[in-house]
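Read through the structure below, which is laid out as structure tokens, and then see the notes.
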Amino acid sequence: MKQKISSGLVALLLVALSLPTFVLAQQPAPGRTGAQGQPQQQMPPNVGPAAPGGRRGRGRVPAASGATAAIEEDFAEALSIVQENYVDGVKIDYNAAFKSSIIGMLRSLDPHSNYYDSKEFEELQADWRSEYYGIGATIGDRTIGGQTDTYILATFPGAPATRAGLRFADRIVEVNGETIKGKNSSDVRDRLRGPKGSTVKVKVERASTKALETVEITRDAVGQPTIPDSYILKPGVGYIDMTRGFNRSTAEEFIAALEDLRKQGMTSLVLDLRGNPGGLLDQAVKVAERFLQRGQVILSQKGRVAGSDRTYESRNSSPDNVPLVVLVNRNSASASEIVAGALQDHDRALIIGETSFGKGLVQSIIPMEYGTAVTLTSSKYYTPSGRLIQRDYTNEGLYDYYTRGGVGSLDEEKKAAAAAKPTGPESLTDTGRKVYGGGGIAPDEPVKPRLIEPAQQRLIDPIFAFVRELVNGRIKGFEDYKISRAIDYEHDIKAEEYPVTDNLFKAFKSFVANDETYKLKDTQLDRGRDFIARQMRYDIATAAYGTVTASQVQIVDDPQVAKAIEVLPRAKELSVAAMRGRNPERKTFE
110 MKQKISSGLV ALLLVALSLP TFVLAQQPAP GRTGAQGQPQ QQMPPNVGPA
160 APGGRRGRGR VPAASGATAA IEEDFAEALS IVQENYVDGV KIDYNAAFKS
210 SIIGMLRSLD PHSNYYDSKE FEELQADWRS EYYGIGATIG DRTIGGQTDT
260 YILATFPGAP ATRAGLRFAD RIVEVNGETI KGKNSSDVRD RLRGPKGSTV
310 KVKVERASTK ALETVEITRD AVGQPTIPDS YILKPGVGYI DMTRGFNRST
360 AEEFIAALED LRKQGMTSLV LDLRGNPGGL LDQAVKVAER FLQRGQVILS
410 QKGRVAGSDR TYESRNSSPD NVPLVVLVNR NSASASEIVA GALQDHDRAL
460 IIGETSFGKG LVQSIIPMEY GTAVTLTSSK YYTPSGRLIQ RDYTNEGLYD
510 YYTRGGVGSL DEEKKAAAAA KPTGPESLTD TGRKVYGGGG IAPDEPVKPR
560 LIEPAQQRLI DPIFAFVREL VNGRIKGFED YKISRAIDYE HDIKAEEYPV
610 TDNLFKAFKS FVANDETYKL KDTQLDRGRD FIARQMRYDI ATAAYGTVTA
660 SQVQIVDDPQ VAKAIEVLPR AKELSVAAMR GRNPERKTFE
């Protein structure tokens, strides 16, 4: 039995190294939370077609060499020692043990090679389709009155949760008759998700009446568009939210958003790629070529396997010439860096924000037996000017690689500043501007993000608790903030809607003072006035219009967006200069 198991493991790994593959761009580490609270997948799918015949390479395991035979024996011996001596040997989870063995081997190669068990791979493929199966709600943990529970934070248009009447701030009490007290939202999410067509019974405390009610919901496919919103920021200035990744419908969604903004009078564009974790490479190519002339290089790919080298060029004979600014940050990775890098190298857009993640490796994804999959780094990609933007990962652990420069503490801010300095070779854009490889796409105009400070983080729960009362008409004197109608998901919020006036702020301070569990003083609240107003209006807008519209509240005074609008005239001048002719001294990438 032991030999059979270990032989199977080695066979799996050898098959992985021998199969023809899909080509894919990869995304950074997990951590974001999306619809229904599930973590967003941070590995994208293939960009090339599957080989004919579906599953490939079955039974093509090469004969084990002396080295692999020795490894097999060592693995079998280690497994035997564990089985015979581990204190809880009879409770060993062999699936977890073998999975960690495979992941450990792949992670010794680089941070982006990975293994997916059948459940993970199924979820990943659902992400590629921009959907998942569940009830269609964002959930999260909030603390009210000293007790932490899971609440409905938002529902989506047409989703099962919406059809079942769930609303903002409903408290989840039970799922399928099992109490969720003491469980976090990720545990609750797993209970809410399930096969399409299956049912789940959810007991909630209604935010509107405080009454307990059990609703039976039939799970369904829940769409997650990669471009959730686009609108006019100010007269003539369009904005496209492209922060969710590049999936199968991204290019189509993007073109539709562009055309809609044109109809609304757009004459310049801000494209927001902040936090975009990457995804399908072919979709990134289609987005970039929307703005690039036929023949202009978008990226070059170089790999080890014969035939893997490829150059992607624009095929667009009539590209859109709208003045363009692109927003990126430390979590913009892979496919989003391909778009930003191509537009920067051809001087087609100005890049604003922070240095991007720095992901220049391409993975191949290999479907395996039993619905599992392996991803292996198979090539590197280069921007049009010849930059390899991959950050160095050889002298740091996986955690440090993914968290270096992440949003958060002052120490992380210092590390981010160090990481943002040019470390790689110099290249030139079409007009001769200097750009660098070796660590992401550096912005043309660095602008610090607006971060949530620890003191502000403490305010999120009391703000949520207050808005829960406010939108249900239980704050005296502010009954006009009550929201009892159906959610209007198509609404564009206006500046005058749901203002946080001085009197409303005073009502919030009084609300907090009456709940000793928050332990917040007036001076703390006064210092956080701007944050409180913004977060409160966001929660109110979520209750009235859903999260997509509510996000507009956060964009209005965003410092990076403000800078993007400011530099649009420069972006236009740069693009015009690039169109006049390329710099003759510029070295092209071969």
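Count along the sequence shown from 1, then add 109; that gives the number in our numbering.
Each residue gets a CB set at the ideal place from its N, CA and C atoms; glycine is no exception.
These numbers were taken from a predicted model, which means no experiment stands behind them.
In this chain, G213 is not harboured by any beta strand (DSSP E); it is covered by the alpha helix (DSSP H) spanning Y203 to R216. Taking a contact to require three or more Cβ pairs closer than 8 Å, the stretch 548-560 and the stretch 619-639 do not qualify as touching. The alpha carbon of A574 has as its nearest neighbour, out of L433, L188 and D250, the alpha carbon of D250. Cα atoms of V284 and V297: separation of roughly 8 Å, rounded to the nearest angstrom. With contacts defined as CB atoms closer than 8 Å, E422 and Q405 qualify as a contacting pair. Excluding five sequence positions before and after L470, the CB atoms of its chain that fall closer than 7 Å to its own CB belong to Q135, D219, H221, T486, K489 and Q499, given in chain order. If one requires a minimum length of 3 residues, the beta strand (DSSP E) runs lying completely within the stretch 318-377 are 321-327, 329-332, 338-343 and 346-350, in chain order. Under the DSSP assignment, A458 falls outside any beta strand (DSSP E); it carries neither an H nor an E label. For V437, the enclosing beta strand (DSSP E) covers residues L433 to V437.
In the DSSP assignment, A246 is bridged to T264. With respect to I602, V379 sits apart: the two C-beta atoms are not nearer than 8 Å. Counting along the chain, the unbroken beta strand (DSSP E) around R280 starts and ends at R280 to V284. Restricted to the stretch 287-321, the alpha helix (DSSP H) segments that are unbroken, complete and at least 4 residues in length are 294-301, listed in chain order. Within 10 angstroms of the beta-carbon of I190 lie fewer than 16 other beta-carbons, which makes it exposed. The shortest C-alpha to C-alpha distance from E362 to any of G345, Q333 and S377 is the one to Q333. Annotated three-state conformation of V199 is helix, per DSSP. The residue from P266, R353 and T247 with its alpha-carbon nearest to that of L301 is T247. Counting along the chain, the unbroken alpha helix (DSSP H) around P678 starts and ends at L677 to R689.
Excluding the 5 residues flanking it on each side, A680 has same chain C-beta neighbours closer than 8 Å at S377, P432, L433, V434, A458 and L459, in chain order. A482 sits in a strand when the DSSP states are folded into three classes. Boundaries of the alpha helix (DSSP H) harbouring N194: G175 to N194, taken from the DSSP string. Counting only runs of 3 or more residues that sit fully inside the stretch 385-436, the beta strand (DSSP E) segments are 406-412 and 419-422, in chain order. Measuring C-alpha to C-alpha distances from F207 to each of L188, A270 and E578 identifies L188 as the nearest. The continuous alpha helix (DSSP H) containing Q565 extends over residues P563 to Q566. Two segments are said to touch when three or more pairs of C-beta atoms, one from each, lie closer than 8 Å; by this definition the stretch 610-621 touches the stretch 585-592.
Of all alpha-carbon atoms in G546, Q234, L408 and L507, the one lying nearest the alpha-carbon of D418 is that of L408.
Contact between the stretch 316-328 and the stretch 342-350 is absent, with fewer than three C-beta pairs closer than 8 Å. In the displayed model, K228 falls within a helix according to three-state DSSP. Note: P476 is bridge-paired with A482 in the DSSP secondary-structure output. Here the alpha carbons of I475 and P304 stand approximately 24 Å from one another. DSSP, reduced to helix, strand and coil, places V556 outside both helices and strands of the structure shown, so it counts as coil. Residue range L507 to T512 is occupied by the alpha helix (DSSP H) that includes Y510.
Setting aside the 5 residues that flank it on each side, I447 is surrounded in the same chain by A393 and L408, each with a C-beta closer than 6 Å to its C-beta; the list follows chain order. DSSP places V665 in no beta strand (DSSP E); its state is neither H nor E. A check of alpha carbon separations from I572 across R646, V196 and K395 identifies R646 as the nearest. Residues M152, I212, L215 and T484 of the same chain have their beta carbon placed closer than 7 Å to that of N223, with the five preceding and five following residues left out of the count.
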